[in-house]
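Residue numbers (the working numbering): 2 to 88. C-beta atoms are modelled at their ideal positions from N, C-alpha and C, and glycine is treated no differently. Read through the structure below, which is laid out as structure tokens, and then see the notes.
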């Protein structure tokens with residue numbers, strides 16, 4: 002089974018852009034390989050524009066808002082206490 006994660010697909014797009022492949026051709030090729038897991042056409046075009054402009058970072062940019070993971074001693078203690086109550 003092929004790895005269809007966003008980061009892998011972004012690396013493929015970056016490589017094909019460096020090879021001067023057009024965004025529409027990249028989308029067609031990736032759709033054949035990744036099928037339903039393929040990134041959206043507009044996403045591929047946007048990424049191609051970014052890579053052609055010189056951006057090389059494949060990681061997601063930070064997003065605004067509260068973080069999804071909170072790990073501090075108060076939270077750990079509260080979760081442990083609640084788990085003990087439910088047991």
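Bounding residues of the alpha helix (DSSP H) (the contiguous stretch that carries residue i)
i: residue 12; result: 7-19
i: residue 32; result: 24-35
Cα-Cα separation, residue i to residue j
i: residue 24; j: residue 67; result: 34 Å
i: residue 9; j: residue 75; result: 37 Å
i: residue 13; j: residue 84; result: 44 Å
i: residue 77; j: residue 26; result: 50 Å
i: residue 63; j: residue 55; result: 19 Å
i: residue 80; j: residue 18; result: 47 Å
i: residue 5; j: residue 31; result: 10 Å
i: residue 73; j: residue 33; result: 45 Å
i: residue 89; j: residue 60; result: A query on residue 89 cannot be resolved here, the shown segment of the chain reaching from 2 to 88 and no further.
Of the residues the options, the one placed nearest residue i, counting alpha carbons only
i: residue 48; options: 72, 34 and 22; result: 22
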